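Report on the following structure.
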Amino acid sequence: MQTYGAAQVMSVTAVTLCGKVACMRFPSLRFLAGAALAALALTPMLAAQQTAAEKTAGQVFKNIQVFKGLPASELRPTMSFIASSLGVRCNFCHAQPFSADIKPQKKIARRMIEMVFAINKSTFNGRPEVNCFTCHQGRPEPDGALSIAADVPPPAAGAMAAGPARGGARGGRGGRGGFDRTNLPTAAQVLAKYEQALGGASALAAIRSETMTVSQPMMRGAAMALNVVKQGGRFAITQGRGRAGYNGSAFWSWRGRGAAGPAEGEMATELSLYQGMYPAAGLDPAKARVFARVPFQGGKAYLMAERTAHGFVRYYFNASSGLLRRIITGTPTYLGMLPLQVDFSNYQSVGGGVKLPLTLKFSNHERSWTQTVSAVKLNAPVAAGALAEPSGGN
Ligand code: HEC
Ligand code: HEC
Numbered sequence: 002m003q004t005y006g007a008a009q010v011m012s013v014t015a016v017t018l019c020g021k022v023a024c025m026r027f028p029s030l031r032f033l034a035g036a037a038l039a040a041l042a043l044t045p046m047l048a049a050q051q052t053a054a055e056k057t058a059g060q061v062f063k064n065i066q067v068f069k070g071l072p073a074s075e076l077r078p079t080m081s082f083i084a085s086s087l088g089v090r091c092n093f094c095h096a097q098p099f100s101a102d103i104k105p106q107k108k109i110a111r112r113m114i115e116m117v118f119a120i121n122k123s124t125f126n127g128r129p130e131v132n133c134f135t136c137h138q139g140r141p142e143p144d145g146a147l148s149i150a151a152d153v154p155p156p157a158a159g160a161m162a163a164g165p166a167r168g169g170a171r172g173g174r175g176g177r178g179g180f181d182r183t184n185l186p187t188a189a190q191v192l193a194k195y196e197q198a199l200g201g202a203s204a205l206a207a208i209r210s211e212t213m214t215v216s217q218p219m220m221r222g223a224a225m226a227l228n229v230v231k232q233g234g235r236f237a238i239t240q241g242r243g244r245a246g247y248n249g250s251a252f253w254s255w256r257g258r259g260a261a262g263p264a265e266g267e268m269a270t271e272l273s274l275y276q277g278m279y280p281a282a283g284l285d286p287a288k289a290r291v292f293a294r295v296p297f298q299g300g301k302a303y304l305m306a307e308r309t310a311h312g313f314v315r316y317y318f319n320a321s322s323g324l325l326r327r328i329i330t331g332t333p334t335y336l337g338m339l340p341l342q343v344d345f346s347n348y349q350s351v352g353g354g355v356k357l358p359l360t361l362k363f364s365n366h367e368r369s370w371t372q373t374v375s376a377v378k379l380n381a382p383v384a385a386g387a388l389a390e391p392s393g394g395n
């Protein structure tokens, strides 16, 4: 684990040396290259993973002063959260050696972190309500003055009448922005209709294994191919020489050499979306609630949310077809969630009376990427070792 921490720091150091767009932020996640940067949400499993045994940031990294007792795995997503909140790159605060306090911006940032922790503690009972984005909104220096009316674009037609449209789980108080809370179905009803739309509970229960070929466009017209195998509560994704998956209790990743290690942060969030034989397969109606009927892609959707250890995961089900259209989840950081949204479309029959979405569009705080499923096989034999976590000696 100590070595793992050192490797993390090295990969982070490499980041600052690479060019602008073409550079992966975290080379350690090059497996699932495009995908690895995602953000997201906390399945209870994932939360359970971050328990007592986990090292703290103070144990793993060199120069930690304010994040000392916090879980080491959340440090990197926290840094992404900070960088995106200010609209800057890592080298805005970091120089060589990476952990040193060379730049004044890093020292200011440390004071800002202390300020944010203090505000949340004194004013919000410790809930993480205020964070860097609250003030910075994507700029290094927040605006402290009111805007001049002439510079503000006029509201879109109809927006005034409908009241401010506030999206997300907090929106919709008193029907604002088209949120409708009358006669809502229960979570169990929405999930039953969803299962029916996918082919019915018995057809879904008959899926014992699933293999998928997925392609993801990369820069310069190239595409990355992913092979996904699922069986018995486990799954493995292979891409080139790299692999990642879930072993029944934890997410892991392997870069093609040595032993597999834990997949953490944004990568674990992204991997959590592959769990189950179909999206949201494990969602427990007893832990979820339908919050509203909301306007969605020209129709209506039921917005359902599940409370996890780190906040809400949101699900949008098309109100007429019953199909799941969107999941918004996130990676917890010390300051707030790094969001990850997945839009599901192009539902097609894949055999066995089952329909699955063949187009998945991922979007996080930085970028979007699309995965297209080109082949699905249900209940094909799974090769021995196809789900195994490489244990080294390679
Ligand atoms: C706005 C300033 C700022 C930005 C931008 C920023 N960091 Fe940091 N970073 C900090 C501060 C402050 C600390 C020290 C936290 C503490 O004292 O607990 C830190 C600590 C770290 C550490 C631990 C270093 C050590 O060994 O002590 C790593 C690794 C790190 N940041 C990575 C990143 C990466 C990767 C990015 C870009 C995604 C990034 N940071 C962007 C301010 C920043
Ligand atoms: C309550 C509002 C507020 C919050 C919350 C806030 N900041 Fe700031 N921040 C400011 C203001 C205002 C300035 C500009 C101060 C100045 O110009 O002297 C600033 C300046 C900075 C700067 C210096 C920028 C530069 O161009 O040199 C850094 C770095 C920074 N903030 C980091 C953070 C980080 C990291 C967080 C979250 C942990 C955060 N801030 C949260 C208000 C805030």
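Residues 2 to 395 in our numbering are what the sequence shown lists, from first letter to last.
Ideal Cβ placement from N, Cα and C applies to all residues, glycine included.
Just so it is clear, the structure is predicted and the values come from calculations on it, not from any experiment.
Buried or exposed (CB count within 10 angstroms, at least 16 for buried), Ala58:
Walking along the sequence shown from the start, residue 58 turns up at place 57. The residue is buried, with at least 16 neighbouring Cβ atoms inside 10 Å.
Close-in-space but distant-in-sequence residues of the same chain around Trp253 (CB under 7 Å, 5 per side omitted)
Walking along the sequence shown from the start, residue 253 turns up at place 252. Ala245, Gly246, Ala261, Gly262, Pro263, Ala264, Glu390, listed in sequence order.
With respect to the beta strand (DSSP E) encompassing Ala293, which residues constitute its N-terminal and C-terminal limits?
Within the sequence shown, residue 293 is the residue found at index 292, counting from 1. Its beta strand (DSSP E) spans residues 289-297.
Given Ser350 as reference, the closest of Asn228, Arg290, Val377, Gly331 once Cα atoms are compared:
Position 349 of the sequence shown holds residue 350. Cα-wise, what sits closest to Ser350 is Val377.
Give the range of the beta strand (DSSP E) segment to which Glu307 is assigned.
For the purposes of this step, residue 307 is identified with residue 306 of the sequence shown, where counting begins at 1. Start and end: 300-309.
Is DSSP giving Pro105 helix, strand or coil here?
Translated into the one-based positions of the sequence shown, residue 105 becomes position 104. Correct three-state label for Pro105: helix.
If distances are taken between C-alpha atoms only, which option among Thr371, Asp285, Gln232 comes closest to Phe345?
Sequence index remark: in the sequence shown, residue 345 carries index 344 (1-based). Answer by Cα proximity: Thr371.
Give the straight-line distance between the Cα atoms of Leu43 and Ala306, rounded to the nearest whole angstrom.
Residue mapping note: residue 43 aligns to position 42 of the sequence shown, counting from 1. Residue mapping note: residue 306 aligns to position 305 of the sequence shown, counting from 1. Note that Leu43 has pLDDT 28, beneath the 50 cutoff, so the model's placement of it is unreliable and the number below is only indicative. Going from the Cα of Leu43 to the Cα of Ala306 covers about 12 Å.
Spatial neighbours of Arg140 within its chain, please: CB distance less than 6 Å, with the 5 preceding and 5 following residues excluded, ordered by chain position.
If you number the sequence shown from 1, residue 140 lands on position 139. Within the same chain, Arg140 has close Cβ partners Gly88.
Minimum C-alpha distance to Pro358 - residue among Asn380, Ser375, His366:
Your numbering for residue 358 matches position 357 in the sequence shown. Looking at the Cα atoms, Ser375 is the closest of the given residues.
For Arg258 versus Gly249, is the C-beta spacing smaller than 7 Å?
In the sequence shown, the residue the question calls residue 258 occupies position 257. In the sequence shown, the residue the question calls residue 249 occupies position 248. No, they are not a contact pair.
Got a sec? Which residues, its chain only, sit under 6 Å from Ile398 by beta carbon, not counting five neighbours each side?
Beyond the ends of the chain as shown, which are 2 and 395, falls residue 398; an answer cannot be given.
Those residues which DSSP pairs with Thr332 across a bridge
One-based indexing of the sequence shown puts residue 332 at position 331. Answer is Leu339.
Do Ala198 and Leu324 count as a contact pair if the criterion is CB distance below 7 Å?
Position 323 of the sequence shown, counted from the start, is the residue given in the question as residue 324. Position 197 of the sequence shown, counted from the start, is the residue given in the question as residue 198. Closer than 7 Å, so yes.
Assess, as a yes-or-no matter, whether the stretch 311-319 is touched by the stretch 59-73 under the definition of 3 or more beta carbon pairs within less than 8 Å.
no
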